[in-house]
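Report on the structure given below.
In full-length UniProt numbering, the protein residues as written are 1 to 528.
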């Protein structure tokens with residue numbers, strides 16, 4: 001038995017035989033003659049790389065055993081599987097390279113056993129080349145006369161599948177390209193039969209790795225062979241699809257049979273580019289097109305080829321990229337003058353209502369009588385000021401604050417839309433009993449998906465004030481009971497109320513967002 005030095009301590013009590021014995025030649029090594037009349041002579045070890053071959057002679061037919069290890073505790077041993085004999089040979093392979101091993105030879109009869117004194121040898125450099133490692137084996141499709149198997153290798157290699165009704169394989173299929181992903185269809189099979197198959201891959205050094213024998217049973221009929229290949233559920237279908245952006249579009253579709261696919265595209269009626277997926281043949285397909293022109297209609301064709309060689313092409317398709325966002329800049333900062341929006345060349349959405357860079361003395365400040373709660377009333381909306389530090393940040397004087405009743409301020413709605421002066425991002429504010437929550441509106445389309453949003457209701461605040469509002473991470477859409485947790489830009493559905501409670505979440509912190517807003521978050525794993 002043998003394992004590497006790294007595993008030495010963990011396998012001292014769990015040994016496995018990995019070696020073989022055969023009879024060859026003999027040479028001399030001292031032996032312990034005090035044990036009796038049984039003698040071991042002509043003992044020798046020959047080292048070839050990481051293989052050691054031991055030979056010795058006994059004066060009567062005996063069994064043979066080699067104890068070996070990194071010290072005189074040995075820890076490993078091999079036993080000859082042959083009948084008792086006088087000329088002995090045992091070989092140990094797959095030893096660690098350039099390592100010193102201790103060993104002793106033991107021979108015995110039913111009446112007597114004798115062992116040599118401790119000796120040592122040192123292995124050389126390994127000359128064995130590692131084989132390609134095969135992993136992620138998957139039977140992707142089975143029909144009445146075919147099956148398709150896919151796998152990966154840890155290096156570039158070709159791929160072969162040997163097949164037969166027993167492990168005596170009689171046929172094969174494969175590819176000669178050296179790559180790391182492999183996709184092979186075996187055809188010419190009989191319906192309703194079980195087949196054995198074995199995968200192998202050979203690298204550039206002509207070293208071959210094998211996978212264990214597997215079985216597959218073909219379908220009892222030929223429905224898949226007779227079914228026409230179809231391309232289904234092509235997306236995007238409207239400008240509101242989440243896969244559409246100004247300069248990139250995610251094209252997705254399905255096929256009713258395992259297939260490879262590709263597409264061609266270009267400006268309307270001028271197809272001049274192509275793309276294909278380098279992944280395995282599959283039933284679901286997706287290709288992302290980049291470097292597109294905003295606000296442009298493109299023509300599209302999609303083609304597919306199934307495992308039987310049948311092809312199909314869908315033509316006459318179109319899609320359109322989103323236009324660049326409309327840019328809004330203020331014409332006037334005077335609160336007495338209505339805000340007029342014009343288009344600007346910058347791609348940043350900038351909306352100005354109240355600005356803190358130039359405080360206006362006409363903006364009224366109020367404190368609820370008998371409390372420390374202070375508000376600025378801006379464009380008919382009340383905005384909370386968090387103590388005197390906010391007044392200092394905005395260069396307001398506390399003496400300008402007017403004490404009023406809570407009922408007086410109730411006539412003004414809370415500010416719902418804010419942005420920091422150093423960023424174009426607009427945030428939606430959600431009022432709660434004791435705090436506010438904020439959530440970014442990432443695009444013009446999302447902003448406008450809220451019917452009550454108005455651009456000139458957006459006010460500018462200092463970045464520090466924006467940081468005082470906690471970010472909402474629990475969201476749901478109208479009419480849906482599913483609550484999503486937002487994390488690292490993804491949405492994760494919370495699978496049940498029990499999970500929600502177990503995680504210590506509060507329903508007060510769940511905010512309602514539009515379907516368009518929720519669609520901007522990629523879907524992550526459910527929280528269970």
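Using N, Cα and C, we set each Cβ at its ideal position, and we do this for glycine too.
Check: Can you find a heavy atom of the ligand NAD that lies under 8 Å from the Cβ of residue 71?
Finding: By its list of ligands, the structure shown contains no ligand whatsoever, and the ligand NAD lies outside what it can speak to.
Next item on the list: In angstroms with no decimal places, state the Cα-to-Cα distance between residue 369 and residue 473.
Entry: Within the chain shown, numbered from 1, the residue matching residue 369 stands at position 369. Within the chain shown, numbered from 1, the residue matching residue 473 stands at position 473. Taken atom to atom, the span from the alpha-carbon of residue 369 to that of residue 473 is near 34 Å.
Next item on the list: Measure from the alpha carbon of residue 173 to the alpha carbon of each residue in 198, 50, 299, then state which is nearest.
Entry: The residue you call residue 173 lines up with position 173 of the chain shown. Residue 198 is the option with its Cα nearest to residue 173.
Check: Which whole-angstrom value is the C-beta distance of residue 441 and residue 426, which I expect to be below 8 Å?
Finding: Within the chain shown, residue 441 is the residue found at index 441, counting from 1. Within the chain shown, residue 426 is the residue found at index 426, counting from 1. Yes, they are in contact, since the Cβ atoms of residue 441 and residue 426 sit about 5 Å apart, within 8 Å.
Check: Roughly how many whole angstroms lie between the Cα atoms of residue 416 and residue 447?
Finding: Position 416 of the chain shown, counting from 1, holds the residue named residue 416. Position 447 of the chain shown, counting from 1, holds the residue named residue 447. Roughly 12 Å between the two C-alpha positions.
Note to self: Given a cut-off of 9 Å on the beta-carbon distance, is the pair residue 533 and residue 287 in contact?
What the structure shows: Nothing can be reported for residue 533, as the shown portion of the chain is limited to 1 through 528.
Check: Below 8 Å, can you find three or more Cβ-Cβ pairs linking the stretch 43 to 62 to the stretch 113 to 133?
Finding: yes
Margin query: Measuring only the C-alpha atoms, how far is residue 349 from residue 424?
Written below: Counting from 1 along the chain shown, the entry for residue 349 is found at position 349. Counting from 1 along the chain shown, the entry for residue 424 is found at position 424. Caution is warranted here: a pLDDT of 29 is assigned to residue 349, below 50, making its placement in the model unreliable, and no coordinate value can be reported.
Next item on the list: Give the DSSP-derived three-state secondary structure of residue 224 in the structure shown.
Entry: Here residue 224 refers to the residue found at position 224 when the chain shown is read from its first residue. Looking at residue 224 - three-state DSSP - the assignment turns out to be helix.
Next item on the list: Tell me, please, which residues DSSP counts as bridged to residue 232.
Entry: Mapped onto the chain shown, residue 232 falls at position 232. DSSP output for residue 232 lists 254 as bridge partner(s).
Check: So what does DSSP say about residue 98, is it helix, strand or coil?
Finding: What you label residue 98 is simply residue 98 of the chain shown in a count that begins at 1. Reduced to three states, the DSSP call for residue 98 is coil.
Check: At what residues does the alpha helix (DSSP H) containing residue 54 begin and finish?
Finding: Counting from one through the chain shown, the residue named residue 54 turns up at place 54. DSSP places residue 54 outside any alpha helix (DSSP H); the residue lies instead in the beta strand (DSSP E), whose first and last residues are 51 to 69.
Checklist line | Classification of residue 43 by the beta-carbon crowding that lies within 10 angstroms, buried from 16 upward | finding: Counting from one through the chain shown, the residue named residue 43 turns up at place 43. By the 10 Å Cβ count, residue 43 comes out buried.
Next item on the list: Kindly confirm or deny that the stretch 292 to 307 and the stretch 253 to 260 touch, where touching means at least three C-beta pairs closer than 8 Å.
Entry: With three or more CB-CB distances shorter than 8 Å, the stretch 292 to 307 counts as touching the stretch 253 to 260.
Next item on the list: Note down the Cα distance separating residue 519 from residue 365, rounded to an integer number of angstroms.
Entry: Here residue 519 is taken as the residue at index 519 of the chain shown, counted from 1. Here residue 365 is taken as the residue at index 365 of the chain shown, counted from 1. C-alpha separation (whole angstroms): 39 Å.
Notebook entry, point to check: Can you tell me where the beta strand (DSSP E) with residue 384 in it begins and where it stops?
Noted result: Against the chain shown, residue 384 aligns to sequence position 384. Looking at the DSSP string, the run of the beta strand (DSSP E) that includes residue 384 is 381 to 385.
Margin query: Less than 6 Å between C-beta atoms, sequence neighbours within five positions excluded: which residues of the same chain meet that for residue 242?
Written below: As a first step, residue 242 must be located in the chain shown, where it is residue number 242. Once the five neighbours on either side are set aside, the close Cβ partners of residue 242 are 519.
Item checked: Residues near residue 234 by beta carbon distance below 6 Å, same chain, minus five either side -> On the chain shown, position 234 is the one that residue 234 refers to. Result list for residue 234: 253, in chain order.
Notebook entry, point to check: Buried or exposed: where does residue 58 fall if 16 or more other Cβ atoms within 10 Å of its Cβ makes it buried?
Noted result: The residue labelled residue 58 in the question sits at position 58 within the chain shown. With 16 or more Cβ atoms within 10 Å of its Cβ, residue 58 is classed as buried.
Next item on the list: Let me know the beta strand (DSSP E) ranges lying completely inside the UniProt domain "Fibronectin type-III" (235 to 324), each 3 residues or longer, listed in chain order.
Entry: As far as the UniProt domain "Fibronectin type-III" (235 to 324) is concerned, its whole beta strand (DSSP E) runs of at least 3 residues are 249 to 267, 273 to 276, 282 to 289, 297 to 306, 311 to 320.
Note to self: Extract the residue ranges of the beta strand (DSSP E) inside the stretch 452 to 480, only unbroken runs of 3 or more that lie entirely within it.
What the structure shows: 459 to 461, 474 to 476
Checklist line | Given residue 381 as reference, the closest of 408, 308, 491, 510 once Cα atoms are compared | finding: Position 381 of the chain shown holds residue 381. Here the closest residue by C-alpha is 408.
Notebook entry, point to check: Among the residues of its own chain, which have a CB less than 6 Å from the CB of residue 215, if the five just before and after it don't count?
Noted result: What you label residue 215 is simply residue 215 of the chain shown in a count that begins at 1. Cβ neighbours of residue 215 beyond the five flanking positions: 194, 196.
Margin query: Tell me the residue span of the alpha helix (DSSP H) that contains residue 448.
Written below: Against the chain shown, residue 448 aligns to sequence position 448. That run of the alpha helix (DSSP H) goes 444 to 448.
Next item on the list: With DSSP collapsed to three states, give me the class of residue 527.
Entry: Taking the chain shown and counting its residues from 1, the one referred to as residue 527 is at position 527. Three-state result, residue 527: strand.
Notebook entry, point to check: Alpha carbon to alpha carbon, how far is residue 99 from residue 151?
Noted result: Within the chain shown, residue 99 is the residue found at index 99, counting from 1. Within the chain shown, residue 151 is the residue found at index 151, counting from 1. Looking at the two C-alpha atoms, the distance is approximately 36 Å.
Check: Do residue 323 and residue 246 have their C-beta atoms closer together than 9 Å?
Finding: Position 323 of the chain shown holds residue 323. Position 246 of the chain shown holds residue 246. In contact: residue 323 and residue 246 (Cβ atoms closer than 9 Å).
Check: Hey, quick one: how far does the alpha helix (DSSP H) through residue 518 stretch, first residue to last?
Finding: On the chain shown, residue 518 is found 518 positions in, with the first residue counted as 1. Taken as a continuous stretch (DSSP letters only), the alpha helix (DSSP H) holding residue 518 covers 515 to 519.
Checklist line | Beta-carbon proximity list for residue 181, same chain, < 7 Å, skipping 5 on both sides | finding: Taking the chain shown and counting its residues from 1, the one referred to as residue 181 is at position 181. Taken in chain order, the residues that qualify are 152, 280.
Item checked: Residues bridged to residue 493 (per DSSP) -> Counted from its first residue, the chain shown places residue 493 at position 493. In DSSP, residue 493 forms a bridge with 484.
Notebook entry, point to check: So the alpha helix (DSSP H) residue 205 belongs to, where does it begin and stop?
Noted result: Within the chain shown, residue 205 is the residue found at index 205, counting from 1. Neither: residue 205 is in no alpha helix (DSSP H) and is coded neither H nor E.
Next item on the list: Could you check what DSSP says for residue 510 in three-state terms: helix, strand or coil?
Entry: Indexing the chain shown from 1 puts residue 510 at position 510. Correct three-state label for residue 510: strand.
Margin query: For a quick check, are the C-beta atoms of residue 160 and residue 131 less than 9 Å apart?
Written below: Here residue 160 refers to the residue found at position 160 of the chain shown. Here residue 131 refers to the residue found at position 131 of the chain shown. Result no, Cβ atoms of residue 160 and residue 131 do not sit closer than 9 Å.
Checklist line | Range of the contiguous beta strand (DSSP E) that encloses residue 214 | finding: In the chain shown, counting from the first residue as 1, residue 214 sits at position 214. Here the beta strand (DSSP E) through residue 214 covers 214 to 217.
Checklist line | Residue(s) in a DSSP beta bridge with residue 149 | finding: Sequence index remark: in the chain shown, residue 149 carries index 149 (1-based). Answer is 139, 184, bridged to residue 149.
Check: Expressed to the nearest angstrom, what Euclidean distance is found between the alpha-carbon atoms of residue 401 and residue 375?
Finding: On the chain shown, position 401 is the one that residue 401 refers to. On the chain shown, position 375 is the one that residue 375 refers to. Answer to the nearest angstrom: the Cα atoms are 9 Å apart.
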